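**Student:** Numbering (the numbering used here), first residue to last: 5 to 241. The structure under discussion is supplied below as structure tokens; questions concerning it will follow.
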């Protein structure tokens, strides 16, 4: 019988609930042992998730510890900001430059979610994406309406420009996509789902739904407008 995958302990969520009510340095210092235990728990789950993702994707992030965000907020320029995040979050990257896109999760009582996509494309990448939308809009519509993707995540999300990007008309049939500066997909997780024994399998299943989109974007961002690969090494003379 295979070993059970690690799960999020209720105590980890309890720590976050207590931190929400006592977000100050004195309380945190006095409860540092609880934080360390909760953090170790989340790292163990993230390790298992990365291992599971590696069965069907090429992952660059080394391990759960590397993927996890620091719990300490940067308060240098925001004096009213609480000193600690009240959630555990992690970002898992794919092997670049051939594979594009990334995975993300945030665990917080009553507000957990997982997400994936392109949070901040480089200007050159955003330009190339818009060219592809312009040239192959029907493929984009079909990709985004695919049953598995839409059933899993719903609509694509992300910030965008208020008007038309430079070089494109306001009445372009794909203006809703051309305006986008981010290309994100998000799925909420209930407390019950987060604390369930099958959390890792569930997250992996949800992430798998994004692969056709990632495959398309990886092809777009590694080829020029003529379909010539940008990854080929220059020919030696």
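Every residue gets a Cβ at the ideal spot worked out from N, C-alpha and C, and that includes glycine. As the structure is a computational prediction, the values presented were derived from the model and not from experiment.
Identify whether residue 39 lies in helix, strand or coil by the three-state DSSP scheme.
**Tutor:** Within the chain shown, numbered from 1, the residue matching residue 39 stands at position 35. If DSSP states are grouped into helix, strand and coil, residue 39 belongs with the helices.
**Student:** Is it the case that the Cβ atoms of residue 122 and residue 221 are separated by a distance below 8 Å?
**Tutor:** Numbered from 1 along the chain shown, position 118 holds the residue referred to as residue 122. Numbered from 1 along the chain shown, position 217 holds the residue referred to as residue 221. Cβ distance < 8 Å, so residue 122 and residue 221 count as in contact.
**Student:** Among all the DSSP beta bridges, which residues are the ones paired with residue 72?
**Tutor:** Looking up residue 72 in the chain shown gives position 68. Answer is 94, bridged to residue 72.
**Student:** Per DSSP, what kind of secondary structure is residue 124 in: helix, strand or coil?
**Tutor:** Within the chain shown, the letter at position 120 stands for residue 124. Residue state, collapsed to three classes: coil.
**Student:** Would you identify the three-state DSSP class for residue 63, choosing helix, strand or coil?
**Tutor:** The sequence position of residue 63 within the chain shown is 59, counting from 1. Reduced to three states, the DSSP call for residue 63 is strand.
**Student:** Beta strand (DSSP E) containing residue 104: first to last residue?
**Tutor:** Counting from 1 along the chain shown, the entry for residue 104 is found at position 100. Premise fails: residue 104 is in no beta strand (DSSP E) and is neither H nor E.
**Student:** If you compare alpha carbons, which of 171, 126, 72, 34 is closest to residue 107?
**Tutor:** For the purposes of this step, residue 107 is taken as residue 103 along the chain shown, with counting starting at 1. Per the Cα distances, 72.
**Student:** Determine, using beta carbons only, whether residue 144 and residue 137 come nearer to each other than 8 Å.
**Tutor:** Position 140 of the chain shown, counted from the first residue, corresponds to residue 144. Position 133 of the chain shown, counted from the first residue, corresponds to residue 137. Yes. Within cutoff.
**Student:** Which same chain residues end up closer than 7 Å to residue 217 when comparing Cβ atoms and leaving out the 5 residues on each side of it in sequence?
**Tutor:** As a first step, residue 217 must be located in the chain shown, where it is residue number 213. Closer than 7 Å at the Cβ level, and outside the excluded window around residue 217, lie 147, 153.
**Student:** Report the residue from 200, 191, 202, 166 whose alpha carbon sits nearest the alpha carbon of residue 185.
**Tutor:** Reading the chain shown from its first residue, position 181 is the one you call residue 185. Minimum Cα distance to residue 185 is reached at 166.
**Student:** Kindly list the residues whose CB is nearer than 7 Å to the CB of residue 234, restricted to its own chain and excluding five residues on each side of it in sequence; keep chain order.
**Tutor:** Within the chain shown, residue 234 is the residue found at index 230, counting from 1. For residue 234, where only same-chain residues beyond five positions count, the Cβ hits under 7 Å are 226, 227, 228.
**Student:** Thinking just about the alpha-carbon of each residue, which of 27, 57, 187 is nearest to the one in residue 88?
**Tutor:** As a first step, residue 88 is located in the chain shown; it is residue number 84 there, counting from the start. The option with the nearest alpha carbon to residue 88 is 27.
**Student:** Enumerate in chain order the residues of its own chain whose CB-to-CB distance from residue 141 is below 7 Å, with the five nearest sequence positions on each side excluded.
**Tutor:** Taking the chain shown and counting its residues from 1, the one referred to as residue 141 is at position 137. Same-chain partners within the cutoff: 177, 178.
**Student:** By DSSP, does residue 190 sit in helix, in strand, or in coil?
**Tutor:** As a first step, residue 190 must be located in the chain shown, where it is residue number 186. Residue state, collapsed to three classes: strand.
**Student:** Verify whether the separation of the beta carbon atoms of residue 99 and residue 63 is less than 8 Å.
**Tutor:** Reading the chain shown from its first residue, position 95 is the one you call residue 99. Reading the chain shown from its first residue, position 59 is the one you call residue 63. In contact: residue 99 and residue 63 (Cβ atoms closer than 8 Å).
**Student:** Could you give the distance in angstroms between the alpha-carbon of residue 39 and the alpha-carbon of residue 231?
**Tutor:** The residue given as residue 39 occupies position 35 in the chain shown. The residue given as residue 231 occupies position 227 in the chain shown. When rounded, the distance between both Cα atoms is 50 Å.
**Student:** What residues match up with residue 164 in a beta bridge as DSSP calls it?
**Tutor:** Numbered from 1 along the chain shown, position 160 holds the residue referred to as residue 164. Looking at the DSSP assignment, residue 164 forms a beta bridge with 184.
**Student:** Using the C-alpha atoms, what's the distance from residue 119 back to residue 155?
**Tutor:** Indexing the chain shown from 1 puts residue 155 at position 151. Indexing the chain shown from 1 puts residue 119 at position 115. C-alpha separation (whole angstroms): 14 Å.
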